[in-house]
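Numbering (the working numbering), first residue to last: 225 to 501. Yeah, the Cβ is synthetic: ideal placement off N, Cα and C, and Gly gets one too. Only one structure is covered here, and it is reproduced in the block below.
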């Protein structure tokens with residue numbers, strides 16, 4: 225029986241690695257409860273990965289702290305940052321005046337999360353968090369078009385009644401079409417922060433789908449102005465769908481209005497946007 229002259233050293237335990245991390249950076253102890261289960265799992269199932277992860281972690285920390293960098297709070301008076309600097313200086317010595325590393329304890333970045341600047345913002349909310357109507361006075365007038373879709377699932381029984389025009393209230397498709405057009409014109413009254421714009425064209429089409437026993441609704445709104453007509457197109461198909469339900473509810477309460485969504489828009493600063501299938 226041959227003995228390996230260079231046995232593979234045993235992997236350090238999870239508690240050992242956190243002991244080292246805690247020594248280098250005591251404030252990291254608060255992350256132990258979050259990361260410990262993950263590291264424990266890697267200990268059992270992916271040993272090689274653990275060695276790499278631990279090595280990268282310690283090398284990264286040592287590389288930063290050995291440079292003697294100081295942490296500077298964005299807030300300017302964060303007590304926790306002051307304490308952290310004291311801990312680093314006690315371990316690695318006093319840091320030079322240059323090479324400061326900015327850190328805010330109140331705004332810790334998360335792995336994989338986009339920067340604050342790259343995150344989209346809600347235009348209908350002001351700096352204090354209050355709802356507000358967007359000022360569009362500085363925007364240019366351009367032709368804007370939006371198309372939206374909606375589907376109303378009728379079921380076989382109601383579908384046959386609609387297709388044969390036997391619903392007691394009358395012609396479902398024509399009434400819903402008129403309702404959709406009227407709904408588009410009333411969008412700013414229904415949606416509080418929408419602008420009251422001048423629509424140049426509204427189209428609402430309703431088609432019977434025999435395979436799914438449904439009514440397929442498409443609405444298009446057009447204007448030349450400073451803001452888009454997405455909400456007008458969406459309101460048109462939504463109101464048309466609700467009207468189909470109202471016309472048919474005596475025959476069935478199980479009708480479902482679904483897939484109300486924007487299909488396409490064009491014009492304005494953002495230009496053309498098609499929904500990807």
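Fully enclosed by the segment 414 to 495, which beta strand (DSSP E) runs are 3 residues long or longer? 423 to 433, 438 to 449 and 480 to 490
Outcome for residue 414 when other beta-carbon atoms lying within 10 angstroms are tallied against a minimum of 16: exposed
Identify which residue in 357, 374, 407 and 496 has its Cα closest to the Cα of residue 432. 374
Residues near residue 461 by beta carbon distance below 8 Å, same chain, minus five either side: 372, 373, 374, 404, 428, 441, 442, 443 and 484
With distances taken between CB atoms, is the gap from residue 494 to residue 369 smaller than 8 Å? no
Using the three-state DSSP reduction, which class does residue 498 fall into: helix, strand or coil? strand
Using 10 angstroms around the beta-carbon of residue 220, count the other beta-carbons present and answer buried if the total reaches 16, otherwise exposed. Residue 220 is absent from the structure shown; the chain starts at 225 and stops at 501.
For residue 353 versus residue 476, is the C-beta distance shorter than 8 Å? no
According to the neighbour-count rule (16 or more other Cβ atoms, all chains shown, within 10 Å of its Cβ), is residue 452 buried or exposed? buried
Could you spell out the range, first to last residue, of the beta strand (DSSP E) harbouring residue 371? 366 to 377
Residue from 382, 409, 455 and 456 whose Cα sits closest to the Cα of residue 397: 382
CB of residue 400 within 8 Å of CB of residue 347, strictly: no
Per DSSP, residue 408 is paired with what? Its beta-bridge partners do not exist; DSSP assigns none.
Can you check which of these residues, 394, 422 and 456, is closest to residue 474 by C-alpha distance? 394
Between which two residues does the alpha helix (DSSP H) holding residue 384 run? 380 to 387
Proximal residues to residue 358 (C-beta, below 7 Å), its chain only, five neighbours per side dropped: 347 and 348
Indicate the three-state DSSP secondary structure (helix, strand or coil) for residue 400 in the structure shown. helix
Beta-carbon proximity list for residue 521, same chain, < 8 Å, skipping 5 on both sides: Shown here, the chain extends from 225 to 501; a query on residue 521 therefore has no answer.
Give the C-beta separation of residue 449 and residue 421 to the nearest angstrom, bearing in mind that I take them to be a contact with Cβ-Cβ under 8 Å. 5 Å
Consult DSSP for residue 358 and reduce its assignment to one of helix, strand or coil. coil
Same chain only: Cβ atoms within 8 Å of residue 385, ignoring 5 sequence neighbours per side: 391, 472 and 475
Contact set for residue 411: own chain, Cβ-Cβ below 6 Å, skip 5 residues either direction: 418, 455, 456 and 459
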